[in-house]
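Scroll down for the structure; my scribbles are underneath it.
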Amino acid sequence: MSSRLALSLLALATAAAISSCGSAETPTAAAPVAAAPATPAPATPAAPALSITDPWVKTAKKGMTAAFGTLVNNSGADVTVVSGTSPLSPMIELHEVVDKDGKMVMQPKQGGFVIPAGGSHELKPGGDHIMIMDAKEAVEPGAEIPFTLTFADGGTFEFTAIGKDFAGAKEDYQPGMDMEDESHNG
Ligand SMILES: [Cu+2]
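The following block contains the structure:
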């Protein structure tokens, strides 16, 4: 082997060593974030037209009692509630309280409860209420009583009202009070 050739080989080896050391740098750029799987947005059902705030039922023995709460209309159109049902009683009516010759009496509300678009309608002792005419069992504090309201357009709304003691209203929803005679005949 000539000395020239040996030098050339050494030069090649040296160059190779330099170049392999020169690129020891590791990539620091963060790996691109994997694109999130293209999951379609969950199908959100249209918000129900109606909701109710703090629904409750006056505790009672069997017989008459009433349900209250604030009906809230989440839609852009008026909602009219025309009837209601509940497993508690086969007879549910929508009532209002009116002043008849200075006496507060309750009676079925003609046309039902109208909840204005984007507004609310309060059901409260002494005012509009969901009348339970013939409860088949006692309503205890904390009881959960399901109700279904039906709209004029045939739609329905279900909620659960909670049994609650209440003694602050002028009217009494127990049978035997004089208001019953006036308001529940036919
Ligand atoms: Cu009533």
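Take the sequence shown: its letter number 158 is residue 282 in the working numbering, and every next letter is one higher.
Where a beta carbon is used, it is the ideal one built from N, C-alpha and C, also for glycine.
Which residues DSSP lists as bridging residue i, in chain order
i, result
"residue 197", "174"
"residue 223", "228"
C-alpha distance - residue i paired with residue j, whole-angstrom precision
i, j, result
"residue 212", "residue 271", "9 Å"
"residue 251", "residue 207", "17 Å"
"residue 180", "residue 225", "30 Å"
"residue 256", "residue 281", "17 Å"
"residue 245", "residue 210", "20 Å"
"residue 194", "residue 227", "25 Å"
"residue 175", "residue 214", "23 Å"
Beta-carbon proximity of residue i to residue j, cut-off 7 Å
i, j, result
"residue 229", "residue 204", "no"
"residue 186", "residue 262", "yes"
"residue 202", "residue 232", "no"
"residue 247", "residue 283", "no"
"residue 197", "residue 243", "yes"
"residue 259", "residue 189", "yes"
CB contact below 7 Å: residue i versus chain D
i, result
"residue 223", "Protein chains in the displayed structure number just one, and chain D is not present."
Between the segment 280-292 and the segment 215-223, are three or more C-beta pairs nearer than 8 Å?
Segments in contact, no.
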